[in-house]
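Participant: In the UniProt record's numbering, the protein residues as written are 3 to 232. Just so you know, even glycine gets a beta-carbon here, dropped at the ideal spot from N, CA and C. First, the structure itself, so that you have it in front of you.
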Ligand code: ADE
């Protein structure tokens, strides 16, 4: 890859990138600042997307227009797979928008009507790099799975059950599938890496704020390791 695109969902994570990347230039478009520089001798361009699918889609398209030829996205998520505990890591095999729902028209939940596909498959090599980074740094605490995205903070056991049973999700968050769709439309490889901040149940909001700092640290370490080995 000639220019590695990195999107962080959290400010804390961007701070850590600021500390380690030697920045050569920066540009602001649509209210998002993109920083370009070098990390481990490789050219990277990184930014903070903001929350939700629209922010993530705009951010990703601009990142690609600025020359990124792959995208690594990190942040926190709510665990959907019952095997997962807070602090564990999910590396995306694919992504689906769980809030895309045209079922009254006969489309299955998650299906984008009249679009060539609705499940966006992550790049095999990036998945492998992210998984080996996670396994090395946090042994026994990561798995590969389907990342579900929607413009909703999930905080109900019933919804978790539905997402796990109908869409076979490993975790739920608010940006990954939108990044994935934009990358797919531009034929650009991507991977989504998420640290579990909560179990998307009734206590989700409490765990979420407690865990953000640790999660940002974990995400940064994984990104750093991927860039080193890419
Ligand atoms: N990000 C972190 N936790 C989440 C949750 N429970 N639902 C959606 N996005 C999240």
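(1) Between residue 195 and residue 132, which are expected to be in contact by the criterion C-beta below 8 angstroms, what is the C-beta distance as a whole number of angstroms?
(2) With hydrogens ignored, establish whether the beta-carbon of residue 155 is closer than 7 angstroms to any heavy atom of ligand 1.
(3) Only counting runs of 3 or more residues, tell me where the beta strand (DSSP E) segments fall wholly within the segment 150 to 214, in order along the chain.
(4) Taking the CB atoms as reference points, tell me whether residue 79 and residue 175 lie closer together than 8 angstroms.
(5) Taking 8 angstroms as the cut-off, decide whether the C-beta atoms of residue 83 and residue 5 are in contact.
(6) May I ask whether a heavy atom of ligand 1 can be found less than 7 angstroms away from the beta carbon of residue 58?
(7) Mapping DSSP to helix, strand and coil, what is residue 85?
(8) Which runs of the alpha helix (DSSP H) fall wholly inside the segment 13 to 62 and span at least 4 residues, in chain order?
(9) Whole alpha helix (DSSP H) runs in the segment 96 to 157 with 4 or more residues, listed along the chain?
(10) Rank 90, 110, 91 and 89 by C-alpha distance to the C-alpha of residue 98 and give the top, closest one.
(11) Taking DSSP's pairing of strands, which residues face residue 8 in a bridge?
(12) How would you label residue 171, buried or exposed, when you count the other beta carbons within 10 angstroms and need 16 or more for buried?
(13) Does at least one heavy atom of ligand 1 sit under 7 angstroms from the Cβ of residue 102?
Facilitator: Looking at the coordinates:
(1) 5 angstroms
(2) yes
(3) Secondary structure remark: continuous beta strand (DSSP E) runs of at least 3 residues inside the segment 150 to 214, in chain order: 171 to 175 and 192 to 200.
(4) yes
(5) no
(6) no
(7) coil
(8) 13 to 22
(9) Listed in chain order, the complete alpha helix (DSSP H) runs (minimum 4 residues) inside the segment 96 to 157 are 126 to 139.
(10) 110
(11) 48 and 74
(12) Buried is the call here.
(13) no
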